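Note that the numbering used here gives residue 389 to position 380 of the sequence shown, counting from 1, and the numbers run on in steps of one. Cβ atoms here follow ideal geometry from the backbone N, Cα and C, with glycine treated the same way. Just so it is clear, the structure is predicted and the values come from calculations on it, not from any experiment. Encoded as structure tokens, the structure appears first; notes follow it.
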Amino acid sequence: MSKNIPITVAHGDGIGPEIMAATLKILDAAGARITPEFVEVGEKVYLDGNTTGVPDSAWESMLRTKVLLKAPITTPQGGGYKSVNVTIRKTLGLYANVRPSRAYVPYVSSNFPDMDLVIVRENEEGLYAGIEHRQTNDTYQTLKIYSRPGCERIIRYAFEYAKRFNRRKITCLSKDNIMKLTDGLFHKVFNEIAQEYPGFETEHLIVDIGTALLAARPERFDVIVTSNLYGDILSDVASQIAGSVGLSGSANIGRDMAMFEAVHGSAPDISGKNIANPSGLLNGAVQMLIHINQNDVAAKIQNAWLCCLEKGMHTADIYNNHYSKEKLGTEQFAQAVIDNLGEKPQKFHAVSFQISEDSHFTELHEKVSKEKAKKELVGIDIFIDSDNADVLPLCEKIAKVSGPLKLIAITNRGLKIWPGNPVHCFVSDQWCCRFQASEDFTATSFEDLSIQMKALHEAGLEIVKTENLYTFDGERGFSLAQGQ
Ligand code: NAI
Numbered sequence: 010m011s012k013n014i015p016i017t018v019a020h021g022d023g024i025g026p027e028i029m030a031a032t033l034k035i036l037d038a039a040g041a042r043i044t045p046e047f048v049e050v051g052e053k054v055y056l057d058g059n060t061t062g063v064p065d066s067a068w069e070s071m072l073r074t075k076v077l078l079k080a081p082i083t084t085p086q087g088g089g090y091k092s093v094n095v096t097i098r099k100t101l102g103l104y105a106n107v108r109p110s111r112a113y114v115p116y117v118s119s120n121f122p123d124m125d126l127v128i129v130r131e132n133e134e135g136l137y138a139g140i141e142h143r144q145t146n147d148t149y150q151t152l153k154i155y156s157r158p159g160c161e162r163i164i165r166y167a168f169e170y171a172k173r174f175n176r177r178k179i180t181c182l183s184k185d186n187i188m189k190l191t192d193g194l195f196h197k198v199f200n201e202i203a204q205e206y207p208g209f210e211t212e213h214l215i216v217d218i219g220t221a222l223l224a225a226r227p228e229r230f231d232v233i234v235t236s237n238l239y240g241d242i243l244s245d246v247a248s249q250i251a252g253s254v255g256l257s258g259s260a261n262i263g264r265d266m267a268m269f270e271a272v273h274g275s276a277p278d279i280s281g282k283n284i285a286n287p288s289g290l291l292n293g294a295v296q297m298l299i300h301i302n303q304n305d306v307a308a309k310i311q312n313a314w315l316c317c318l319e320k321g322m323h324t325a326d327i328y329n330n331h332y333s334k335e336k337l338g339t340e341q342f343a344q345a346v347i348d349n350l351g352e353k354p355q356k357f358h359a360v361s362f363q364i365s366e367d368s369h370f371t372e373l374h375e376k377v378s379k380e381k382a383k384k385e386l387v388g389i390d391i392f393i394d395s396d397n398a399d400v401l402p403l404c405e406k407i408a409k410v411s412g413p414l415k416l417i418a419i420t421n422r423g424l425k426i427w428p429g430n431p432v433h434c435f436v437s438d439q440w441c442c443r444f445q446a447s448e449d450f451t452a453t454s455f456e457d458l459s460i461q462m463k464a465l466h467e468a469g470l471e472i473v474k475t476e477n478l479y480t481f482d483g484e485r486g487f488s489l490a491q492g493q
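What follows is the structure in structure tokens.
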């Protein structure tokens with residue numbers, strides 16, 4: 010008999026304690042070889058004055074056990090409280106968010122009986138880097154950060170996941186027709202890594218049509234790999250059209266650590282009533298058992314759970330007049346799953362979680378390319394705050410400032426305003442002045458950039474931000490403005 014594995018368990022807020030108690034009771038009855046260590050994170054910790062929501066003792070346990078089973082957490086509105094979920098994902102480097110969504114028709118209503126897909130979402134980068142600034146009275150920005158290693162890791166993870174769980178097709182979703190550098194990198198890396206996995210069907214779709222197809226024909230997808238925000242939105246769409254957000258579990262995987270949870274939140278509206286569906290957290294726990302190589306227990310629980318669904322033993326959120334036989338509370342549903350342990354479903358396919366031994370999960374975290382491109386400084390974008398409604402005089406004032414660099418263009422919200430005819434559209438109070446050593450990519454120096462900035466400052470222009478312009482192996486590392 011293998012020895013018990015310690016795991017960290019957070020009871021969470023709202024319905025969290027109820028669904029966690031139900032889940033742990035099922036794990037125990039199924040013979041999961043685990044030893045839970047309980048930690049407090051979330052609302053109580055926030056209200057005790059810790060704005061991160063995670064005390065040192067919880068970090069200590071997580072870092073030691075390397076596995077966290079977490080019920081949903083309530084993030085208080087306002088007050089500078091940081092989301093526990095985002096903090097844990099980022100601090101522990103949980104870069105892959107894996108969200109399976111499948112239909113359980115006819116027992117749970119869905120228009121898509123054949124839907125069975127997995128969304129692999131990048132979990133640390135993109136728009137969730139959380140780097141935001143207000144630069145002028147009217148203008149706010151958030152930075153979308155993609156790194157090549159970040160893209161390589163998540164895309165390789167998606168292929169390895171497909172290999173491990175015998176899935177055949179991988180779809181990459183990006184918006185590289187608009188964001189050619191960031192989303193362009195994601196798409197490019199997908200094409201490169203696809204070459205390493207010749208046995209798979211692969212495709213790339215622009216995320217908008219990809220989302221529309223997901224909503225209309227989800228059965229055409231198998232594994233979807235995408236960036237942080239797109240993955241967040243898509244996985245909620247997928248859970249919803251599969252039947253209920255209350256059913257889906259999610260895994261957050263990093264190099265050394267992993268966290269498992271339900272997709273839904275803490276549902277304060279139904280907390281304390283013994284009516285919450287524990288299935289989302291239970292399905293997260295099933296993923297955890299596979300992660301710690303207890304596939305036998307995972308399959309036993311999943312099959313018992315499928316039995317309950319097809320026998321019409323349903324919680325209120327999925328109760329329907331056609332197929333439901335009993336409306337069960339949280340505790341009663343957990344007991345029903347326990348009573349069915351050892352049974353195989355008759356209508357659904359029984360699961361076995363057989364894993365392909367040919368996958369290389371453990372190696373893939375380190376496998377990132379280390380090639381370095383030759384980087385050359387060729388100019389600077391200098392952003393200026395001006396609410397001067399008279400566009401032309403402002404542009405002329407900027408153009409008249411003499412310095413070592415050449416003014417290439419002035420843009421407003423990404424649209425070229427100068428040189429050329431003034432446009433007749435709305436302009437904001439933030440102006441981007443693009444200076445380069447020449448029209449081409451002639452190298453310049455940091456000294457020249459600072460002399461140029463000083464000259465603008467001395468001409469009375471307020472600089473709110475700068476962005477250096479580089480080439481990499483002679484290729485432009487910045488976008489052109491619309492109309493440039
Ligand atoms: P929610 O997912 O908690 O609730 C949305 C709706 O679904 C509610 O009507 C709720 O009653 C229902 N619902 C959710 N889970 C259910 C279940 N297991 N059984 C039956 N019905 C269920 O989303 P909401 O209301 O936007 O967020 C509530 C709190 O949860 C917020 O503080 C939010 O920040 C937090 N949250 C936490 C997450 C996490 O810890 N991973 C994820 C999402 C939200």
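So which of the options has the shortest CA-CA distance to residue i?
| i | options | result |
| --- | --- | --- |
| Gln-204 | Lys-189, Ile-187, Leu-386 and Phe-168 | Phe-168 |
| Leu-305 | Glu-210, Glu-27, Ala-31 and Leu-36 | The sequence given here places Asp at residue 305; Leu does not occur at that position. Comparing Cα positions, the closest option is Leu-36. |
| Glu-49 | Thr-220, Ile-43 and Asp-57 | Asp-57 |
| His-358 | Ile-187, Arg-111 and Asn-237 | Arg-111 |
| Gln-86 | Gly-51, Lys-99, Gly-102 and Leu-77 | Gly-51 |
| Arg-176 | Lys-34, Phe-230 and His-20 | Phe-230 |
| Gln-296 | Pro-115, Tyr-170, Thr-100 and Arg-143 | Tyr-170 |
| Phe-481 | Leu-190, Cys-160 and Cys-404 | Leu-190 |
| Gln-4 | Gly-338, Leu-337, Gly-423 and Glu-319 | This structure gives no information on residue 4, because the portion of the chain shown stretches from 10 to 493. |
| Gln-445 | Thr-60, Ile-460 and Leu-243 | Ile-460 |
| Ile-164 | Tyr-206, Asp-185, Ile-154 and Met-188 | Tyr-206 |
| Gln-341 | Cys-317, Tyr-332 and Asn-329 | Cys-317 |
| Val-387 | Pro-402, Lys-415 and Asn-237 | Lys-415 |
| Glu-456 | Gln-439, Leu-470, Asn-477 and Cys-441 | Asn-477 |
| Asn-261 | Ala-343, Val-400 and Gly-102 | Gly-102 |
| Val-346 | Glu-405, Lys-99 and Gly-321 | Gly-321 |
| Gly-135 | Tyr-155, Ser-119, Arg-143 and Tyr-116 | Tyr-155 |
| Thr-17 | Thr-60, Leu-72 and Arg-42 | Leu-72 |
How is residue i classed by DSSP in three states: helix, strand or coil?
| i | result |
| --- | --- |
| Gly-388 | strand |
| Met-71 | helix |
| Ala-294 | helix |
| Gly-208 | coil |
| Pro-26 | helix |
| Gln-311 | helix |
| Gln-439 | strand |
| Gln-501 | Here the chain comprises residues numbered 10 to 493, so residue 501 is not present and cannot be evaluated. |
| Cys-434 | coil |
| Phe-444 | strand |
| Met-124 | coil |
| Gly-469 | coil |
| Tyr-137 | helix |
| Pro-45 | strand |
State the Cα-Cα distance for the pair residue i and residue j, rounded to the nearest angstrom.
| i | j | result |
| --- | --- | --- |
| Gly-412 | Leu-465 | 9 Å |
| Val-272 | Val-246 | 12 Å |
| Leu-350 | Gly-40 | 10 Å |
| Ser-288 | Asn-106 | 18 Å |
| Gly-62 | Thr-451 | 50 Å |
| Glu-141 | Leu-152 | 6 Å |
| Ser-488 | Met-124 | 39 Å |
| Met-462 | Ala-382 | 28 Å |
| Gly-25 | Phe-121 | 29 Å |
| Pro-64 | Val-54 | 7 Å |
| Leu-33 | Cys-442 | 59 Å |
| Met-188 | Arg-108 | 25 Å |
| Val-254 | Cys-404 | 52 Å |
| Gly-293 | Phe-174 | 16 Å |
| Gln-493 | Leu-214 | 27 Å |
| Ala-325 | Gly-23 | 17 Å |
Just mark residue i as buried or exposed, buried being the case when its beta carbon has 16 or more other beta carbons within 10 Å.
| i | result |
| --- | --- |
| Phe-195 | buried |
| Tyr-149 | exposed |
| His-433 | exposed |
| Ala-225 | exposed |
| His-323 | buried |
| Ala-31 | buried |
| Gly-483 | exposed |
| Pro-428 | exposed |
| His-331 | exposed |
| Asp-192 | buried |
Below 7 Å, is the gap between the Cβ of residue i and the nearest heavy atom of the ligand GDP?
| i | result |
| --- | --- |
| Thr-83 | In the structure shown, the ligand GDP is absent; the only ligands present are the ligand NAI. |
Starting from the N-terminal side, write out each stretch of the alpha helix (DSSP H) that is 4 residues or longer and does not extend beyond the segment 77-122.
-> Listed in chain order, they are 93-100.
Within the segment 183-266, ranges of the alpha helix (DSSP H) (whole runs, at least 4 residues) | The qualifying runs are 191-203, 216-225 and 237-251.
Considering only residues of the segment 391-428, which uninterrupted alpha helix (DSSP H) runs meet the minimum length of 4 residues and lie entirely inside it, listed in chain order?
-> List check, alpha helix (DSSP H) in window: 400-409.
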